[in-house]
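In what follows, a structure is listed as structure tokens, so that the remarks can point back to it.
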Amino acid sequence: MEIFENLSASSRLENAELDAYSRAVRGVTEMLEPAVISLGLQDGRGGGSGVVLGTDGTTATAVTNSHVVRGLGRAGGQRDDAGEMRVTFSDGRSVPAEVLGDDPPSDLGVVRFTPEEEPTVAALGEAENLVVGQLVVAIGSPLGFQSTVTAGVVSALGRSIRGQEGRPIENVIQTDAAINPGNSGGPLADTSGRVVGINTAIIGGAQGIGFAVPVSGAFRRVVFSLVTEGRVRRARLGVVVATQPARGGVGGGAGVREVPADGPALRAGVRPGDLIVGLGGQPVRSNSDLLALLDESAINRDMELKVLRRGKEQTLKVRPREQE
Numbered sequence: 004m005e006i007f008e009n010l011s012a013s014s015r016l017e018n019a020e021l022d023a024y025s026r027a028v029r030g031v032t033e034m035l036e037p038a039v040i041s042l043g044l045q046d047g048r049g050g051g052s053g054v055v056l057g058t059d060g061t062t063a064t065a066v067t068n069s070h071v072v073r074g075l076g077r078a079g080g081q082r083d084d085a086g087e088m089r090v091t092f093s094d095g096r097s098v099p100a101e102v103l104g105d106d107p108p109s110d111l112g113v114v115r116f117t118p119e120e121e122p123t124v125a126a127l128g129e130a131e132n133l134v135v136g137q138l139v140v141a142i143g144s145p146l147g148f149q150s151t152v153t154a155g156v157v158s159a160l161g162r163s164i165r166g167q168e169g170r171p172i173e174n175v176i177q178t179d180a181a182i183n184p185g186n187s188g189g190p191l192a193d194t195s196g197r198v199v200g201i202n203t204a205i206i207g208g209a210q211g212i213g214f215a216v217p218v219s220g221a222f223r224r225v226v227f228s229l230v231t232e233g234r235v236r237r238a239r240l241g242v243v244v245a246t247q248p249a250r251g252g253v254g255g256g257a258g259v260r261e262v263p264a265d266g267p268a269l270r271a272g273v274r275p276g277d278l279i280v281g282l283g284g285q286p287v288r289s290n291s292d293l294l295a296l297l298d299e300s301a302i303n304r305d306m307e308l309k310v311l312r313r314g315k316e317q318t319l320k321v322r323p324r325e326q327e
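Numbering (our numbering), first residue to last: 4 to 327.
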């Protein structure tokens, strides 16, 4: 009968679509899983994930979250017998590791270790090429379950969240791929197997809402600084910006909520309620734009700061300091 023929055709179509979805997820897993590590202490306490992004033939470096390495540091400091930090691969191999550096504002950290054999190195993509609804795959060790794979879509881009250390993290990726405790620091990948984010957080009590630090130019600069210097130098403007998107200007901006005492912004004449729309000749359309401009090159440099105040643009002179 026609109705059964239609049902049969529909079933074949659904199976074909499911097979395509499964092939995509399996392809990413096969490519990326060997580069994913779990992080923990020798006594088994603590935990998080990471992904290998470089090797020089002797040592290898992996990226994880700042809150993961700091959490392991606190756990190790609580007991003398906790042992050293170790990285464990999907095949069970485990070697000692050391922290090269971490950066709480971006929630990124880098660890170094000497592998027993040449590790697989993950390829980096670009988060700016992502679109909402795109399939992504997360790999990590949630709740101690090694090499767990979950898949979902990009739910939103450019989110602002408060990380586990209480600091705001800007411009993150929101996904409904399941991210559970222990997934933090693991990769979020596109269907080509390229890492487009580092899983960083979930909202307690919420299902289907996870976040990842995007792979971008800023990401690369942070990782490079952590590998070469063990820290990230940033400029400090001396303002507390509003977490909600600014609405005062057509082109956006960074809304000033507070101007702490004895800061560069206060001396420049910035006031609460101002909307920052430009810095150093570059437009500021969001909080993320402002943070990106306050890099090492802005430290102790005289810069023009454009603000909207009561609908009128004003140009101020500011000299950002180095962030402590």
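Every residue gets a Cβ at the ideal spot worked out from N, C-alpha and C, and that includes glycine.
Between the C-alpha atoms of residue 24 and residue 134 there is a straight-line separation of about 17 Å. Secondary structure note for residue 290: it is in no beta strand (DSSP E), and the uninterrupted alpha helix (DSSP H) holding it is 290 to 296. Between residue 177 and residue 148, the C-beta spacing is not below 8 Å. In the structure shown, residue 52 adopts extended strand secondary structure according to DSSP, grouped into three states. DSSP places residue 229 inside the alpha helix (DSSP H), whose first and last residues are 220 to 231. Taking C-beta atoms as the reference points, residue 262 and residue 244 fail to come closer than 8 Å.
Shown here, residue 41 sits in a strand according to DSSP, grouped into three states. Under the three-state reduction of DSSP, residue 32 is assigned to helix. A straight line joining the alpha-carbon of residue 264 with that of residue 305 spans about 19 Å.
Scanning the segment 56 to 123 for uninterrupted beta strand (DSSP E) segments of 3 residues or longer gives 63 to 67, 88 to 92, 97 to 106 and 111 to 116, listed from N- to C-terminal end.
Here the C-alpha atom of residue 126 lies approximately 23 Å from the C-alpha atom of residue 234. Straight-line spacing of the CA atoms in residue 114 and residue 316 works out to 45 Å.
With 16 or more neighbouring CB atoms inside 10 Å of its own CB, residue 153 falls in the buried class.
Boundaries of the beta strand (DSSP E) around residue 217: 213 to 217.
Under the three-state reduction of DSSP output, residue 271 falls in the helix class. By the criterion of a C-beta distance shorter than 6 Å, residue 140 is surrounded in its chain by 28, 31, 154 and 192, once the five residues flanking it on both sides are discounted. Beta-bridge pairing by DSSP links residue 312 to 315. The beta carbon of residue 123 sits closer than 6 Å to those of 37 and 38, all from its chain and outside the five residues before and after it, given in chain order. In this structure, DSSP gives residue 147 a helical state, which the three-state scheme calls helix. A residue is called buried when at least 16 other Cβ atoms come within 10 angstroms of its Cβ; residue 196 meets this threshold and is buried. Per the coordinates, the alpha-carbon of residue 138 lies some 12 Å from the alpha-carbon of residue 199.
Residue 257 places its beta carbon 8 Å or farther from that of residue 321.
In this structure, the straight-line span from the alpha carbon of residue 175 to that of residue 131 is close to 11 Å.
According to the DSSP assignment, residue 178 belongs to the beta strand (DSSP E) that extends over 171 to 178.
Here residue 136 is exposed. Its C-beta has fewer than 16 other C-beta atoms within 10 Å.
Nearest to residue 275 by alpha-carbon distance, out of 61, 118, 51 and 312, is 312. Spatial neighbours of residue 53 in its own chain (CB-CB distance under 8 Å, excluding positions within 5 residues in sequence) are listed in chain order as 39, 40, 41, 42, 65, 66, 67, 71, 90, 114, 188 and 189.
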